[in-house]
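Peer 1: Numbering (the working numbering) for the first sequence: 530 to 1416.
The beta carbon of each residue, even a glycine, is placed where N, CA and C say it ideally should be.
Following this message is one structure expressed as structure tokens.
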Amino acid sequence: MDKLIIIDGNSIAFRAFYALPLLSNSSGLHTNAVYGFTTMLLKLIEEEKPTHFLVAFDAGKITFRHTEYSEYKGGRQKTPSELSEQFPLIKDLLKAFKIPQFELSGYEADDIIGTLTKAADARGEKVLLVSGDKDMLQLASEQVTVAITRKGISEMDRFDPEAIKEKYGLTPHQIIDLKGLMGDTSDNIPGIPGVGEKTALKMLHDFGTVEEVLANTASLKGKMKEKVEEHAKSALMSKELATIYREVPMETEWDSFRYDGFDGQALSTMFRKLEFKSLLEKLDFGAVSAEAEDLVVESLEAVAVTEANIGKLIEQLDDHAAIHVEAIGENPHQAVMVGVVWFIDDGADNTSYYVPFALLQSDAGKPLRDWLSDASKKKQLFDLHRAQLALAWQGIHLAGVDFDVLLAAYLLDPTDSNLSLSALSVKYGLPSVKADEDVFGKGAKFRLPELAALSDHVGRKAMAMARMVPVLRDELEKGEMHRLFYELELPLSAVLAEMEMRGIAVDAEGLKTLGVELGKQLDTIMSSIYKLAGVEFNINSPKQLGEVLFEKLGLPASKKTKTGYSTDAEVLERLAPYNEVVGQILHYRSLAKLQSTYVEGLLKEVRPETGKVHTYYRQTIAATGRLSSQFPNLQNIPIRLEEGRKIRKVFVPSEPGWYMLAADYSQIELRVLAHISQDEKLKEAFLQNMDIHTKTAMDVFGVEESAVDSNMRRQAKAVNFGIVYGISDYGLSQNLDITRREAAQFIEQYFAVFQGVRRYMDDIVKDARRDGYVTTLLQRRRLLPEITHSNFNIRSFAERTAMNTPIQGTAADIIKLAMVQMADRLAKEGLKSRMLLQVHDELVFEVPADELETMKELVPEVMASALKLDVPLRADVDFGLTWYDAK
DNA sequence: CGGGTCACG
DNA sequence: ACGTACGTGACCCGG
């Protein structure tokens, strides 16, 4: 049997546009609506397997409805240019899909669809009609199913007449009456003012049609009767406007909608232009497009090196080369080595040499190992940090790396969430490489392919990497980020790898003891909660907890999440006065977190041989330039509450008689703000070394220092936080639990005093709009394409990001500088002290007793002088036998 | 594998 | 009118 899919083109394009973030490709073309449209088409083709297909569009301009009602669709926002520029792309896309398109001047897509579904009905063919507009429900029939998008575009609700009956108690045709009564603000159809969906449905259930409702106003009551009578004409006109016209004079020849598959060639070209990397990979055009002439595929001779031919590679070793280190696994401290690849480009031929790791480690591999460790042999690679760690665990010290493709790509676009070689080769228009996932598989299906395929794949990775080096080097130069790259990030990679290899010692016995105590407390609290609640349930399940609190115990639910009641700490704290159990649950939650994440989780990461944990700092994740930490995350060890803070006691020196020493920047973000904004008041506060929150309270409340009480200081502190985050009255009001009006007043008073800060906030948003990005003091860059988005929320988010990123990012620049300088000083001065951790504004060291005095001076000195600002930087230092004591 | 929650700066 | 504070990672639950 045939099956026709009809898509309401304008409606789906709008839906996709507003549902997805404003994506754009590297030439600045917006692509989110096209992307959403594409994924929907692919999904429909795959799941529905249509035999016939078409998309209907509004032809735009005036339709016959305007001639009847000039206000039709009035008051509707102009289509944002970010969307209208995408319509031509969608039309090209449909051509590549080989899906027929219909539009007819004077008619809307609705009418074309109405006419076509009528024809299909008459022929007795199955139709699936896809739209975001509930009006379409009037076209449902035994033959025609209407799918309405829900929550964005990925999910749809399907309606046949039965489903419409179930949901609204109406026939498809009565949908028109529904709209006649309630109107439709988006089309500026008036309906009857004051009649919403509920009232309209009730009337229709009683009377059936608009006409019958009007004929029976006598049985309506009071205000409603007046309203209906007064707006009777409007209701009739609205009904007429809502009626889809089904007699458009047009070709309805069934066979002209036949769908026999897309043009893979055209589609892959289209996807490449739009930079739909994931879709390109998903459809695997690799094979198809490799033959296509428009795609450059470089030839490569991929040599799998053996003991017999290793001499050929050794012979060719030069003073520089692109290499690729293939190691399997997310955690580089536990990576399984596959091998190392050398890419040799001698001008005539491209040759890659894949050296299996066992061979590299054998006697025959010695010259290669020496080459890797020779700092005078310059290497370019992808992900130096990871390669260095993986090799170090195998006893190979990697040195002399002068370019890292991953690091460069990150600096060029720190928000890119897919920085794989495969994705980058597409992004920078270079010969493509297969994704690792496609070659190796993933999860349980992961396996290395046979030698020839493996050596080809890793060889192509090395080649792609080599091709990317000059491109990215130029881009860094253009963005004035070469110093940031060569003088900061690249040296930092090595510093981080060194810190991580060293690891930090953990007192596992102490941790276990803590775990036993927590276990006892958890048992006690658990039984107490069950008793108070009168039922046993899984306290860790927000779903079950919600049911107990809000249904069984009948506590007032306030916040909702997508899936049900919210039970987060903020909600529970409000509920605490109602029932004793709530406080217990909060306590249970905090202890359970300590137990699962910080006792059990941390214990799993301790190496039994050394008693140390080795975190992995990620240098290419955070959009602002900060580091992040994994396996385990050592940047979120508890400190705010004493119960959790005790966890810090298990972080100890790795040598007897040594100390832990920690130094943290004081108010680095506000000091950075003072420097960037050049705000006189803020600068003055730091030049006089005042308590910044107290000073803010004095200025905002206009009082003397002695009159600032703890509450005023607390509020001033929240305002300072808000300023750094890109303030909004709503956010501040939530944080301080005050009204928005009060919050707005605070902000206004703050800006009245700190006028330079206000100027900075205004200017940085303007700059971001003009340039499309913001930068830190060291020229770190973050692209903000959404700063001009027509959607208020999306745009506001970008504006706050524009305000925050230069501040957070410059602070990140500064501590990174301090780390590189610190590593240098330790080496130069022959100190035995070791840098172990970075926690955004804090550095942690282990220090032998006889270096304590030196380090207490040196660390804060280096941190404070890492970068010269117009206000002083300050770092406070302390030491003790554990991290806990170095406070 | 996504959502909810919570730990940190 | 819109409905949010900025940046991360780990754990648990439940489909």
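Count the CB pairs spanning the region 652-665 and the region 755-768 that are closer than 8 Å, and state whether there are at least three.
Peer 2: Cβ pair count under 8 Å is below three, so no.
Peer 1: Rounded to whole angstroms, how far is the Cβ of residue 619 from the Cβ of residue 542, which I believe are closer than 8 Å?
Peer 2: On the first sequence, position 90 is the one that residue 619 refers to. On the first sequence, position 13 is the one that residue 542 refers to. With a Cβ gap of about 6 Å, residue 619 and residue 542 count as contacting.
Peer 1: Using only CA atoms, which one of 1334, 1223, 1165 and 1119 lies nearest to residue 1131?
Peer 2: For the purposes of this step, residue 1131 is taken as the residue at position 602 of the first sequence. Here the closest residue by C-alpha is 1165.
Peer 1: Of the residues 1067, 1056, 1109 and 1097, which one's Cα is nearest the Cα of residue 1082?
Peer 2: In the first sequence, counting from the first residue as 1, residue 1082 sits at position 553. Ranking the options by Cα distance to residue 1082, first place goes to 1109.
Peer 1: If we count Cβ pairs, one from each stretch, closer than 8 Å, do we get three or more for the region 1124-1143 versus the region 1086-1098?
Peer 2: Verdict: no, contact absent.
Peer 1: Give me, in chain order, the residues of the same chain whose beta-carbon lies closer than 6 Å to that of residue 1178; leave out the 5 immediate sequence neighbours on both sides.
Peer 2: Numbered from 1 along the first sequence, position 649 holds the residue referred to as residue 1178. Contacts found: 1411 and 1413.
Peer 1: Is it a yes or a no for the region 990-1009 touching the region 1339-1358, going by three-plus beta-carbon pairs under 8 Å?
Peer 2: Output reads no: the region 1339-1358 does not touch the region 990-1009.
Peer 1: What is the DSSP secondary structure of residue 631, counted as helix, strand or coil?
Peer 2: Your numbering for residue 631 matches position 102 in the first sequence. Residue state, collapsed to three classes: strand.
Peer 1: So, with DSSP's three-state summary, where would you put residue 876?
Peer 2: As a first step, residue 876 is located in the first sequence; it is residue number 347 there, counting from the start. Reduced to three states, the DSSP call for residue 876 is coil.
Peer 1: Is the separation between the beta-carbon of residue 1406 and that of residue 1389 shorter than 9 Å?
Peer 2: Numbered from 1 along the first sequence, position 877 holds the residue referred to as residue 1406. Numbered from 1 along the first sequence, position 860 holds the residue referred to as residue 1389. Yes, they are a contact pair.
Peer 1: For residue 1033, list the residues DSSP reports as bridge partners.
Peer 2: Working through the first sequence from its first residue, we reach residue 1033 at position 504. DSSP lists 1142 as partners of residue 1033.
Peer 1: Counting pairs of beta carbons, one from the region 579-586 and one from the region 704-724, are three or more of them closer than 8 Å?
Peer 2: They do not touch, by the three-pair rule.
Peer 1: Who does residue 1300 pair with in a DSSP beta bridge?
Peer 2: If you number the first sequence from 1, residue 1300 lands on position 771. Beta-bridge pairing links residue 1300 to no other residue.
Peer 1: Pull up the CB-CB distance for residue 1106 and residue 551, whole angstroms please, since I reckon it's below 8 Å.
Peer 2: Within the first sequence, residue 1106 is the residue found at index 577, counting from 1. Within the first sequence, residue 551 is the residue found at index 22, counting from 1. Not quite, the Cβ-Cβ distance comes to about 44 Å (not below 8 Å), so this is no contact.
Peer 1: Less than 9 Å between the C-beta atoms of residue 1306 and residue 1201, yes or no?
Peer 2: The residue you call residue 1306 lines up with position 777 of the first sequence. The residue you call residue 1201 lines up with position 672 of the first sequence. Yes, the Cβ-Cβ distance between residue 1306 and residue 1201 is below 9 Å.
Peer 1: List in chain order: all unbroken alpha helix (DSSP H) runs of 4+ residues lying wholly within the region 881-947.
Peer 2: With a minimum length of 4 residues, the continuous alpha helix (DSSP H) runs that stay inside the region 881-947 are 886-890, 895-902, 913-921 and 934-941.
Peer 1: Report the residue from 1184, 1197, 1141 and 786 whose alpha carbon sits nearest the alpha carbon of residue 1163.
Peer 2: Within the first sequence, the letter at position 634 stands for residue 1163. Comparing Cα-Cα distances from residue 1163 to each of 1184, 1197, 1141 and 786, the minimum goes to 1141.
Peer 1: Whose CA, out of 1409, 760, 751 and 973, lies closest to the CA of residue 739?
Peer 2: For the purposes of this step, residue 739 is taken as the residue at position 210 of the first sequence. Ranking 1409, 760, 751 and 973 by Cα distance to residue 739 puts 760 first.
Peer 1: Terminal residues of the continuous beta strand (DSSP E) containing residue 1409?
Peer 2: Within the first sequence, the letter at position 880 stands for residue 1409. Element bounds for residue 1409: 1404-1409.
Peer 1: What residue ranges within the region 1011-1075 form continuous alpha helix (DSSP H) runs of no fewer than 4 residues, ordered along the chain?
Peer 2: Here the runs fully enclosed are 1019-1031, 1037-1062 and 1071-1075.
Peer 1: For residue 818, does the count of other Cβ atoms within 10 angstroms reach 16, so buried, or fall short, so exposed?
Peer 2: For this step, residue 818 is matched to residue 289 along the first sequence. Because residue 818 carries a pLDDT of 41, less than 50, the predicted location of this residue cannot be relied on, and no value is offered for it.
Peer 1: For residue 822, does the count of other Cβ atoms within 10 angstroms reach 16, so buried, or fall short, so exposed?
Peer 2: Counting from 1 along the first sequence, the entry for residue 822 is found at position 293. In this predicted model, residue 822 has a pLDDT of only 37, less than 50, meaning its place in the structure is not dependable enough to derive any value.
Peer 1: With C-beta atoms as the reference, is residue 1180 less than 9 Å away from residue 1035?
Peer 2: On the first sequence, position 651 is the one that residue 1180 refers to. On the first sequence, position 506 is the one that residue 1035 refers to. Contact flag set, yes.
Peer 1: Starting from residue 1374, follow its DSSP beta bridges and name the residues at the other end.
Peer 2: Walking along the first sequence from the start, residue 1374 turns up at place 845. Partner(s): 1190 and 1364.
Peer 1: Touching or not, the region 888-898 and the region 947-962, by the rule of three or more beta carbon pairs under 8 Å?
Peer 2: Cβ pair count under 8 Å is below three, so no.
Peer 1: Here's the rule: buried if 16 or more other CB atoms are within 10 angstroms of the residue's CB, otherwise exposed. What is residue 1309?
Peer 2: As a working mapping, residue 1309 is identified with position 780 in the first sequence. Burial call: buried.
Peer 1: Give the C-beta separation of residue 1253 and residue 1198 to the nearest angstrom, bearing in mind that I take them to be a contact with Cβ-Cβ under 8 Å.
Peer 2: By one-based count along the first sequence, residue 1253 stands at place 724. By one-based count along the first sequence, residue 1198 stands at place 669. With a Cβ gap of about 5 Å, residue 1253 and residue 1198 count as contacting.
Peer 1: Candidates 800, 747, 1336 and 977: which alpha carbon is nearest residue 855's?
Peer 2: The count along the first sequence starts at 1 and reaches residue 855 at position 326. Of the candidates 800, 747, 1336 and 977, the one whose C-alpha sits nearest the C-alpha of residue 855 is 977.
Peer 1: Considering only their Cβ atoms, is the gap separating residue 849 from residue 514 smaller than 9 Å?
Peer 2: Look at the range of the chain in this structure, 530 to 1416, and you will see that residue 514 is not part of it.
Peer 1: Using the beta-carbon count (16 or more within 10 Å), is residue 1032 buried or exposed?
Peer 2: As a first step, residue 1032 is located in the first sequence; it is residue number 503 there, counting from the start. Burial call: buried.
Peer 1: Count the other CB atoms, across all protein chains shown, that sit within 10 Å of the CB of residue 865; report buried if there are 16 or more and exposed otherwise.
Peer 2: Counting from one through the first sequence, the residue named residue 865 turns up at place 336. The residue is exposed, with fewer than 16 neighbouring Cβ atoms inside 10 Å.
Peer 1: Below 8 Å, can you find three or more Cβ-Cβ pairs linking the region 932-945 to the region 1136-1154?
Peer 2: Cβ pair count under 8 Å is three or more, so yes.
Peer 1: Touching or not, the region 973-993 and the region 858-876, by the rule of three or more beta carbon pairs under 8 Å?
Peer 2: Counting Cβ pairs under 8 Å, three or more are found: they touch.
Peer 1: Going by the DSSP bridge assignment, what does residue 1094 pair with across the sheet?
Peer 2: Sequence index remark: in the first sequence, residue 1094 carries index 565 (1-based). For residue 1094, which the question treats as bridged, DSSP gives the partners 1089.
Peer 1: Count Cβ pairs between the region 1062-1073 and the region 1035-1046 that sit closer than 8 Å; are there 3 or more?
Peer 2: No: the two stretches stay apart, fewer than three of their Cβ pairs being nearer than 8 Å.
Peer 1: Given a threshold of 16 other Cβ atoms within 10 Å of its Cβ, counted over all protein chains shown, does residue 820 qualify as buried or as exposed?
Peer 2: Here residue 820 corresponds to residue number 291 of the first sequence, with the count starting at 1. Interpretation of residue 820 is limited by its pLDDT of 38, a score under 50 that renders its predicted location unreliable; no figure is taken from the coordinates.
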